[in-house]
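If you count by full-length UniProt numbering, then the sequence shown holds residues 1 to 332, one letter each, in order.
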Amino acid sequence: MKKVLVTGADGFIGSHLTEQLIREGFDVRAFCYYNSYNSWGWLDHAPREIKSELDVFSGDIRDPYGVKEAMKDCTHVLNLAALIAIPYSYHSPTTYVDTNINGTLNIVQAARELGIEKVVHTSTSEVYGTALYVPIDEDHPLQGQSPYSASKIGADQMALSFYRSFDTPVAIIRPFNTYGPRQSARAVIPTIISQLANGMDKIKLGAISPTRDFNYVKDTVQGFISVMKSEKSIGEVTNIGSNYEVSIGETAEMIADIMGINLTIETDEQRLRPEKSEVERLWASNQKAKDLLGWEPQYGGKEGFRRGLEETIEWFTNPKNLTQYKADVYNI
1 MKKVLVTGAD GFIGSHLTEQ LIREGFDVRA FCYYNSYNSW GWLDHAPREI KSELDVFSGD
61 IRDPYGVKEA MKDCTHVLNL AALIAIPYSY HSPTTYVDTN INGTLNIVQA ARELGIEKVV
121 HTSTSEVYGT ALYVPIDEDH PLQGQSPYSA SKIGADQMAL SFYRSFDTPV AIIRPFNTYG
181 PRQSARAVIP TIISQLANGM DKIKLGAISP TRDFNYVKDT VQGFISVMKS EKSIGEVTNI
241 GSNYEVSIGE TAEMIADIMG INLTIETDEQ RLRPEKSEVE RLWASNQKAK DLLGWEPQYG
301 GKEGFRRGLE ETIEWFTNPK NLTQYKADVY NI
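Here it is in structure tokens:
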């Protein structure tokens with residue numbers, strides 16, 4: 001049986017991925033960020049049958065010794081550990097270099113030394129910046145429009161450099177804007193839903209004209225598993241996206257329609273990115289994922305997006321889940 005290490009297993013996508021891998025019969029070691037509360041993040045809320053199968057390693061992706069220890073006896077590593085909030089990267093960019101670039105270096109260096117069969121490194125659509133052409137394929141130029149995106153460009157290139165220099169078996173997965181249950185309110189869809197679910201019909205947002213290619217978390221998870229399983233993905237960068245473009249404003253209106261609320265949007269200045277840093281347009285080409293991996297979204301297009309939003313809203317409006325979000329406070 002393959003033993004898979006998932007870094008960032010305590011987070012939004014990582015927890016969903018960890019649970020699905022266990023359901024599919026993989027032996028999973030969950031690398032969770034060490035804290036004094038012994039919290040496993042979202043994995044604390046996993047079903048008992050999932051938690052009973054977990055091998056949890058508490059550590060810090062910035063620590064090369066702990067990273068290497070966590071990777072021992074593993075055949076595959078899915079590296080999702082990262083700092084991802086764009087606003088926070090404006091005032092704490094060094095932490096993004098330490099976590100995203102040096103953390104990735106720790107992974108690929110240990111993989112080289114331990115003879116890991118495969119490393120799947122997580123990129124982001126933010127590395128493309130504002131689309132120069134659409135749909136965005138994997139040959140699109142990279143543009144660091146925020147310290148976050150710059151750090152992810154550096155991390156991607158670090159991972160690929162080990163493939164090119166040492167034949168370290170690295171594959172890059174580049175998800176577009178993932179959404180779904182458990183996502184942090186630093187992201188726009190949870191921000192909209194949590195405000196509306198708390199009785200606000202006048203909600204605060206940043207820019208609403210930029211477009212995004214939203215990818216439901218179940219599709220993203222299957223993208224990770226497809227990249228991990230495919231021999232063809234080594235040395236490749238693969239977009240995982242829905243191939244459907246929608247504006248933030250249209251997204252808010254669709255959420256309000258599903259929830260049966262008449263919506264008013266107020267612009268909150270603190271939520272606006274600096275002008276040259278805003279990514280105005282993202283729209284994924286997923287042709288390579290279809291050709292290389294046989295992957296395609298189950299929640300694609302407008303109908304699929306609405307279905308994904310309905311499932312997301314159902315989770316967020318559960319009072320037990322909603323109480324974990326501070327809808328009246330801007331989550332940086």
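Note that beta-carbon positions come from the ideal geometry of N, C-alpha and C, so glycine has one too.
Query, Result
"Where residue 299 falls, given that 16 or more other Cβ within 10 Å makes a residue buried", "buried"
"Distance between beta carbons of residue 296 and residue 286, contact taken as under 8 Å", "7 Å"
"Residue 252 vs residue 208 beta-carbon contact at 8 Å", "yes"
"Local conformation of residue 3 per DSSP, three classes", "strand"
"Local Cβ density within 10 Å of residue 132, reported as buried at 16 or more and exposed below that", "exposed"
"Other residues of its chain near residue 191: CB distance less than 6 Å, five sequence neighbours each side excluded", "185"
"Close Cβ partners of residue 268 (< 8 Å) along its chain, the five nearest in sequence each way excluded", "204, 205, 206 and 330"
"Segment limits, beta strand (DSSP E) that includes residue 121", "118-122"
"In chain order, each beta strand (DSSP E) run of at least 3 residues that lies wholly inside the stretch 57-101", "76-79"
"Exposure label - residue 48; buried when at least 16 CB within 10 Å", "exposed"
"Within 8 Å, strictly: CB atoms of residue 277 and residue 146", "yes"
"Cβ shell of residue 126 (< 6 Å), same chain only, five flanking positions each side left out", "149"
"Coil, strand or helix - residue 313 by DSSP", "helix"
"Reduced DSSP secondary structure (H/G/I, E/B, other) of residue 321", "helix"
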